[in-house]
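**Q**
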Amino acid sequence: MSTVNRPGYCTLCTSTCGAIYSIENDRIVSIRNDADHPTGGAMCLKGKSASELIDNPERLTHPMRRTNPKGSKDPGWAAISWDEALDEIAGRLLAIKAQSGAHAVAFGITTPNGTPIADSSEWIERFIYTFGSPNICYAAEICNWHKEIAHSFTYGCGMPAPDYLNSDLIVLWGHNPTNTWLAQAHSIGEARKAGAKLIVVDPRDTALAREADVWLRIRPGTDAALAMGLANAFLESGAYDRSFVHQWTNGALLVRTDTGRMLRGAEVGLTLDNAYVYFDRTTQDLQPHLAALAGGCIPDAAQLNVEQSITLVSGEQVKCASAFTLYRRACLPFDMEKTAQATWIDADKIEQAATLIASSQRISLHSWTGVEQHNNATQSQRAISCFYALTGCFDAQGGNRIFGSLKSVTVNDLSLLAPEQLEKALGYRDRPIGPSANGWVTSRELYEAILNADPYQIRALVSFGGNLLLAQSDRQMAERSFEALEFHVHCDLFINPTAEYADIVLPVNTPWEREALRIGFAITTRAQEWVQLRQQMVSPRHDTRSDTDIVFALAGRMGMREEFFGGDKEAAWNAMLAPLGLTTGQLRQQPAGVRIPIEHATEKYRLTGFNTASGLIEIYSESLHVRGYAALPGFEAGDIIQPNEAYPYVLSSAKSGYFCHSQHRQLAGLRKKSRNPTLELSQQLAAELHIADLDWVIVTTRTGQARFQARVNPNLHPRVVFGQHGWWQPCIPLGASGMPVSGPQNSNYNGLIDADEKDPVSGSVPLRAFTCSLRREDQTLLAPGRWPDFRDFYVSEMVAEANGVHRVHLRPLDNSLLPGFDAGQHITIRVTLRSGMVVSRAYSLVGIASERPVEQYAICVRNSQADDVDEPLQPSVSHHINRHLAPGDRVGVQAPGGNFTIPCQAGRPLVFHAGGIGITPFMTVLETAALAQSKTRMLLIYGNRNSAAHVFRLRLKQLKAQLPGLEIIDVYSRPLPSDQPGVDFNYQGYVDCSMIPEAFTTGRPLHYMCGAESMMSAMTSQLIASGVPKADIFKEAFKSSVNISAVAAGEFDVNFARSNKTIRWTSQCGVLLDFATANGITLASGCRVGQCESCAVNVLDGRVLHLQGNPDEDNVCLTCQAIPGSDITLDA
């Protein structure tokens, strides 16, 4: 079978990482980063899960129409054709527009920063603007608005790209690129290797926070206080860039303290009536600032610090002060003590950060959702922006740079929407300079318009992706709104809880089933010069279409055909490319992309000034003041919700690195990395509330309750807890159940939040700074807490199951209850051999899986040595258990764990491939399924030597009688003379794919294996060759644990096979990634903490040890976390 390698890029998130896709038989079989692509330095697990997403059996396959009333448990979906669906949608939307106006139709677009909608968002916006609706629910107010629009209140532009690679100091403020922007994380790693320092402002100890030179563990929502405190330290010490602040901010311009307005020339008799005014310290009089002149900076003679009375031409005396004086006065109260008190950061840490910033010349800063998702986000962004102005690094090399951009045709310009329509945007009345000024509306505004016709009735909603019930606050209001909607259309890959309320659902394909055009990749100068038409990697699955194709088809039906280039997508793309002298045909000839060099000048403001009213950086914002908002940034304790007796803890959230928002939890390759919704809390708080790691806990707010699994983190503030949002999906292959959006079993983080407190400018809500109470779910203390290491148990019973096989029952010394476990999980036990050696091994649990507490654990162990061997030459735990362990003996036991979890009930057939003692995890599945009276179709193919070695032989016959869907095929490799074919066994030989009945080859069966590595390897190859997707195959293989400290002082040869280098490694060389880099060998890398797995390299020979993180594949190491455990050969 031939393999085709195709270059492309991933659009699951904003990182758009360049990648190479290997394709066989119309399936993606492997994905790796494309080191030649400007964003191809790394590839995360989400991006590597493309094949699992493409061929997921739960995908929508055809358009569907609701047949049951909204609110029904079953929507009654009925399949319809695309023509039926599109005709009905077009007709209904046009009718509503004719009757109530285009503004009566709202649109939802999921975030381009965490979904593949980036392929289509500009065309969707063109469709909406041309249709005439000013209402797009985009989540802008909790995602990008503040760093793009609020930032422009100060600089006249959105936050420029941080020039990490040339920075002396990188400041990450409420931004964790390891989880959200891997291309940035890669650049930060490269900058750090080059010597850049790092400051992280984050309430959590993220991977980068742990590596930072200074980590500021901020109280959520107090970012403005920290920015004001840092600014005050700069201003008081004189460490700020005086020349830059003097010349390029409006600090010297005078403000009337009676009105808060900027003093104008006409008021003091200057000929330039509307000119701003400054005080000239040389001439000792007032002078106009010529803002109209491009690049007109403040002259050196202007006095920066000034406060005096001025006589107006009217004869009135007014007090005026320079904007800088007012800003300095606003910062003055934020000394180290007050800043520390407000932010819960130690004062010495703030001092360290201020000192490091003051000593750095090239400073880049990036902030994101950690700042955005608060009800004081606008002023927080203003405070950060003004503070950054003091560094003088704006648009300088190594600072935040406005890279050049390729001059293509913009197809989604807001000018397509008539101004009178834009003014009808929901929220425009109350927040005219907020997101509504761009036609972006908040979810609360959408719900109020649907339910209360405020300010008018929204009759229809057309959503392109999105899941408002999980992604936004006000869940109860959302549910009522969706039930009340007259017409609702949802386009997506899967049915999600929000789509359940739709009237029509349209199936969308994945990024790899379509072409897409991208002009510029943002992160570096080279990336900005890149143009690429991404290839279609595989054929579209089922009857699905892209969002772009959907809007082109609707436009043709709704009188907008000409605005969509006659319905010709190719012509549309060529129109965009025309100024670049490119065509789609040319790009298809160069699928890896084309580089078009452009100029990337620095400090362009020297020629153009800033795109603000004054032409300067506006630390004092008159445009905010005249609209009733604060002209200067600030912070008061009342700006954020304060804990109280009922809700004593600050509730915040953080994005998972394994999922994009409320997506992908049904993908086993990702879900096994993060099985349950978690709530992080400090060790101190956990002890106070008697919560142990992995206990289920209940979080309660004034809005509702939700349950999470506790993860104890000793580095958190004791009054702050962190939940995860987006949990609802089941993961059938892992037996992980879904969660309802509401009710006792829900884990809907955003369902805990309401929008009663909103940012007055943007409408942002405190998703990351709410208040809550917290308790252990089982208050009777029947549910036992888990333990972090080994706990003393005793052997309560030993049962012989077959020749050389014993079932061992284990109880804790105090006979207390134990935490339950999932089918397929294991425990690790520690025993002391007769030689005195202490050894640990992992064994699958047998018994009935349960979330409830259990009284004991049981394992089944086969002796790996011959029966007549009294003491093996090599240490053997299995031999010790079978020959020497006895009731009453003590062993150490770790709590149950493992990702090899198996469903007991599923809508897909389950096939179990077991070899010898590898039957143990499947026994737990079958015992649990029998108790649940499962009707799931199951096939067990079980290989043994003969009947004497056949473990659980009689019990399996009993289970087969209890489970109507169970079939068992027994395979003996060396049957005894007394073993009868067709009675004791079905096949002689070894487990083989040909033994699978045809009935278990349809319905997308899931395959699970446990046994010898040779068996599992052969079966995997056979299954894949027969067309079974790799994502549908799971296996368990235990490896002996290794004491890392025992080899830390060792020396080993590391052979880099591709580089043809063999180099001696010692413990001083560190992890393999750093070792390779130091020796001139370039390896891919990403997060550098073992999470993204971008640094995965095949181990051709030898053994490696991982400090943290483990790759999914055997014979693979994560070089950022691995050290040699022997002489090794790497495929690098």
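So for the sequence shown, full-length UniProt numbering puts the first residue at 1; every next one is plus one. Here a beta-carbon is modelled for each residue, glycine too, at the ideal position from N, C-alpha and C.
1) Enumerate in chain order the residues of its own chain whose CB-to-CB distance from GLY735 is below 7 Å, with the five nearest sequence positions on each side excluded.
2) Measure the CB-CB distance between LEU587 and VAL531 and report whether it falls below 8 Å.
3) What distance in whole Å lies between the Cβ atoms of ALA150 and ARG382, which are believed to be in contact at a cut-off of 8 Å?
4) If you compare alpha carbons, which of ALA478, LEU216, ALA42, LEU422 is closest to LEU356?
5) What are the uninterrupted segments assigned as alpha helix (DSSP H) that are 4 or more residues long and contained completely in the stretch 539 to 591, given in chain order?
6) Alpha carbon to alpha carbon, what distance is there between GLY229 and ASN305?
7) On a CA-only basis, which of GLN535, GLN536, PHE521 is nearest GLU529? Give me that one, please.
8) Taking the C-alpha atoms as reference points, what is the distance between ALA266 and SER762?
9) Note down, one range per segment and in chain order, each alpha helix (DSSP H) of at least 4 residues found wholly within the stretch 855 to 942.
10) Grouping DSSP H, G and I as helix and E and B as strand, with all else coil, what is THR1066?
11) Can you round the beta-carbon distance between ASP119 and THR544 to whole angstroms, since I take them to be within the 8 Å contact cut?
12) Going by DSSP in three states, GLN1091 sits in which element: helix, strand or coil?
13) Between LEU624, ILE350, ILE1033, which has its C-alpha nearest ALA1018's C-alpha?
14) Taking the alpha-carbon of ALA161 as reference, which of TRP77, VAL371, HIS374, PHE403 has the nearest alpha-carbon?
15) Cα-Cα, which of LEU493, ALA1078, SER682 is closest to PRO57?
16) Nearest to GLY41 by alpha carbon, out of THR178, LYS147, ARG59, ALA930?
17) Please work out which residues of its chain come closer than 6 Å, Cβ to Cβ, to GLY132, disregarding the five sequence neighbours upstream and downstream, and give them in chain order.
18) Take every Cβ of the stretch 406 to 419, pair it with every Cβ of the stretch 242 to 262, and state whether three or more of those distances are shorter than 8 Å.
19) In angstroms, rounded to a whole number, what distance separates the CA positions of LEU86 and ARG534?
20) Kindly list the residues whose CB is nearer than 7 Å to the CB of LYS424, restricted to its own chain and excluding five residues on each side of it in sequence; keep chain order.
21) Let me confirm a value: VAL1097 is counted as buried when at least 16 other C-beta atoms fall within 10 Å, else exposed. Which label applies?
22) Please determine, among LEU468, PRO740, VAL277, the residue with the shortest C-alpha to C-alpha distance to LYS73.
23) Leaving aside the five residues before and after ILE433 along the sequence, list all residues of the same chain whose C-beta is less than 7 Å from its C-beta, in chain order.
24) Report the option in GLY897, GLU448, ILE298, PRO455 whose CA atom is closest to the CA atom of ARG429.
25) Under the three-state reduction of DSSP, which class applies to ALA1018: helix, strand or coil?
26) To the nearest angstrom, report how far apart SER859 and HIS950 are at their CA atoms.
27) Should CYS17 and LEU182 be called a contact, given that it needs their Cβ atoms to be closer than 8 Å?
28) Which term fits GLN642, buried or exposed, when burial requires 16 or more other beta carbons within 10 angstroms of its beta carbon?
29) Between the alpha carbons of SER1126 and LEU1105, how many angstroms are there, rounded?
30) How many angstroms separate the CA atom of GLU122 from the CA atom of PHE464?
31) Return helix, strand or coil for ALA1046, following the three-state DSSP convention.
32) Just mark LEU1130 as buried or exposed, buried being the case when its beta carbon has 16 or more other beta carbons within 10 Å.
33) Check ILE433 in the structure and name its three-state DSSP category.
34) Just mark GLU1036 as buried or exposed, buried being the case when its beta carbon has 16 or more other beta carbons within 10 Å.
35) Roughly how many whole angstroms lie between the Cα atoms of LYS758 and LEU554?
36) Name the residue from PHE394, MET1016, GLY916, HIS600 whose alpha carbon lies nearest to the alpha carbon of VAL861.
**A** On the basis of the supplied data:
1) ASP822, ALA823, THR901, ILE902, PRO903, CYS904
2) yes
3) 6 Å
4) LEU216
5) 547 to 557, 569 to 577, 584 to 589
6) 20 Å
7) PHE521
8) 34 Å
9) 877 to 883, 920 to 931
10) strand
11) That pair is no contact at about 14 Å.
12) In this prediction, GLN1091 scores a pLDDT of 47, lower than 50, which makes its location untrustworthy; the coordinate-derived value is nonetheless stated afterwards. In this structure, GLN1091 counts as coil in the three-state DSSP scheme.
13) ILE1033
14) PHE403
15) LEU493
16) THR178
17) ALA102, GLN421
18) no
19) 27 Å
20) HIS103, PRO134
21) buried
22) PRO740
23) ARG627, VAL761
24) PRO455
25) helix
26) What sits at residue 859 in the sequence shown is Ile, not Ser. Roughly 16 Å separates the two Cα atoms.
27) yes
28) exposed
29) 9 Å
30) 12 Å
31) Because ALA1046 carries a pLDDT of 47, less than 50, the predicted location of this residue cannot be relied on, and no value is offered for it.
32) buried
33) coil
34) buried
35) 36 Å
36) GLY916
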